[in-house]
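Residue numbers (the UniProt record's numbering), protein chains in the order written: chain A, 1 to 168; chain B, 1 to 168. Here a beta-carbon is modelled for each residue, glycine too, at the ideal position from N, C-alpha and C.
Protein chains: 2
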Amino acid sequence: MDTPPQPHTTGPAPAPGPRGAAFLLAQIGAHAAARFAERVGQLGLVPADVGLLRMIATQPGRSQRALAEDLGVVPSRVVTLIDHLEGKGLVERRRSAADRRNHELHLTAEGTRTLGAVSRAAAAHEDALLAALDPEQRSHLSGLLARIATEQGLTPGVHPGYRNRAPA
Amino acid sequence: MDTPPQPHTTGPAPAPGPRGAAFLLAQIGAHAAARFAERVGQLGLVPADVGLLRMIATQPGRSQRALAEDLGVVPSRVVTLIDHLEGKGLVERRRSAADRRNHELHLTAEGTRTLGAVSRAAAAHEDALLAALDPEQRSHLSGLLARIATEQGLTPGVHPGYRNRAPA
DNA sequence: TATTGTTATACTCTATAACTATA
DNA sequence: TATAGTTATAGAGTATAACAATA
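Set out below in structure tokens:
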């Protein structure tokens, strides 16, 4: 019994798919990442740049190898990322005196200023993304998300978007 | 007064960066998407395939052009995606009798079975992702996320990962 | 010989544009 | 002439592997 070709009276697509929290997390997460990318894009940066700037600010003098390790990316990719930041005058490579194979990474003064602008953009982003929630709800949400992140073994402050290598 | 090169007594990287809910959403969202990709990968699918299968199941007979419109991607990309699904025997292209330029898209019997397996994988994924929360907390989280999704104008069931075209 | 950083190469993904067949 | 789908081409992004400098 094959159904004859009935014309579809349904107009626009109804809710097609999943309704669970996992899907909402992935959907909102991708949306949040895209909106954040727009904001930092106005500062001439891509999201990956932001993570690197923060890591270098937190631990100045790290080697590129160490950064690659922490981010879970291949060292050659760090070369490209740092090239970009150095080209914009935000980061400096300094040959290590102790081991001249290493490059110690440091923010320039402009790098520090840019990182401040990024922080302001991030605050505005947060506020826009959570516009639907009042302060109490926001705090509740943060608590639930923090539990998930911890239980899932996510490294605080490191976005998984870096690692395109096998996760384990 | 320039600071002399002090050795860093800090060992492993401390929490470098952001702590807000927006970052947690992006971080957990990317993590969730990656874990889901692993699960459907065991069924021979990529996440984009899953969205297409669901859309075709919901509205059989749609044209590729209509799908491209809804997903926010260029029509040529739909060709590639459907090629993959048709090659795996999950989807059928049928020339429309009314307008022979159109391809009506339908799931095969195996496509329907595969979609069932995807649903089971999605349920397992949801459970694993939210392992840190009890049922009441999960429900509360879903409510908060649904509010955000609605306020941000996200289309229910459509993951933003499809559209690489300008968002507006 | 091992390690840091760099460069060269290849591969994947996707959008743009040209093309065909239908209308 | 316009539209649905396809194919061809080109560009961006990134991993792999070869390489140079230093240890």
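* Put residue 62 of chain B into one of helix, strand or coil per three-state DSSP. => coil
* Is residue 143 of chain A buried or exposed, if buried means 16 or more other CB atoms sit within 10 Å of its CB? -> With fewer than 16 other Cβ atoms inside 10 Å of its own Cβ, residue 143 of chain A counts as exposed.
* Could you tell me which chain A residues have their CB closer than 7 Å to the CB of residue 146 of chain B, listed as they occur along the chain? => 24
* Could you list which residues in chain A have their beta carbon closer than 9 Å to that of residue 64 of chain B, in chain order? => The contacting residues do not exist; residue 64 of chain B stays about 14 Å from chain A at best.
* To do: Examine chain B for any beta-carbon lying closer than 7 Å to the beta-carbon of residue 115 of chain A, and answer yes or no.
  => no
* Asked: In three-state DSSP terms, what is residue 19 of chain A?
  -> In the structure shown, residue 19 of chain A sits in coil (DSSP, three-state: anything other than H, G, I, E or B).
* Taking DSSP as the reference, what is the three-state secondary structure of residue 74 of chain B? -> coil
* Just how far apart, CA to CA, sit residue 118 of chain B and residue 66 of chain B? -> Distance between the alpha carbons of residue 118 of chain B and residue 66 of chain B: 24 Å.
* Asked: Is it right to say residue 51 of chain A is buried, meaning 16 or more other beta carbons lie within 10 angstroms of its own, or is it exposed?
  -> buried
* Quick check: the stretch 101-114 of chain A against the stretch 79-92 of chain A, are there 3 or more CB pairs under 8 Å? -> yes
* **alpha helix (DSSP H) segment containing residue 129 of chain B, residue limits** => 109-129
* Cα separation between residue 73 of chain A and residue 162 of chain A? -> 7 Å
* Just confirm the distance between the C-beta atoms of residue 28 of chain B and residue 25 of chain A, as a whole number of angstroms; I'd bet it's less than 8 Å. => Your pair residue 28 of chain B and residue 25 of chain A checks out as a contact, with CB atoms roughly 5 Å apart and the cut at 8 Å.
* **C-beta neighbour in chain A for residue 103 of chain B, strict 7 Å** => no
* How long is the line joining the alpha carbons of residue 190 of chain A and residue 63 of chain A, rounded to whole angstroms? -> Chain A is shown only over 1 to 168; residue 190 of chain A falls outside these bounds and no answer can be derived.
* Return helix, strand or coil for residue 159 of chain B, following the three-state DSSP convention. => coil
* Taking 7 Å as the cut-off, decide whether the C-beta atoms of residue 160 of chain A and residue 30 of chain B are in contact. => Residue 160 of chain A is a Cβ neighbour of residue 30 of chain B, given a cutoff of 7 Å.
* Asked: How is the beta strand (DSSP E) around residue 95 of chain A delimited, first residue to last?
  -> 91-95
* Asked: residue 58 of chain B to residue 151 of chain A, Cα distance in whole Å?
  -> 35 Å
* Contacts that residue 160 of chain A makes with chain B (C-beta to C-beta distance below 7 Å) -> 27, 30, 31, 34
* To do: With residue 146 of chain A as the anchor, note down where its alpha helix (DSSP H) starts and where it stops.
  => 135-151
* **Cut-off 6 Å between Cβ atoms - residues of its own chain near residue 39 of chain B, not counting five sequence neighbours on either side** => 121, 125
* Asked: Buried or exposed: where does residue 123 of chain A fall if 16 or more other Cβ atoms within 10 Å of its Cβ makes it buried?
  -> Looking at its Cβ environment, which holds fewer than 16 other Cβ atoms inside 10 Å, residue 123 of chain A is exposed.
* Closest Cβ-Cβ distance between residue 125 of chain B and chain A: below 7 Å? -> By this cut-off, residue 125 of chain B is an interface position.
* From residue 86 of chain A to residue 44 of chain A, what does the alpha carbon distance come to, in whole angstroms? -> 13 Å
* To do: Look at residue 22 of chain B and residue 22 of chain A and say whether their C-beta atoms are less than 7 Å apart.
  => no
* List, in order along the chain, the chain B residues whose C-beta lies closer than 9 Å to that of residue 42 of chain A? -> Under the 9 Å cutoff, chain B gives no residues; its nearest Cβ is about 15 Å from residue 42 of chain A.
* Asked: Could you give the distance in angstroms between the alpha-carbon of residue 157 of chain A and the alpha-carbon of residue 95 of chain B?
  -> 51 Å
* Is the distance from the Cβ of residue 53 of chain A to the Cβ of residue 115 of chain A below 7 Å? -> Yes.
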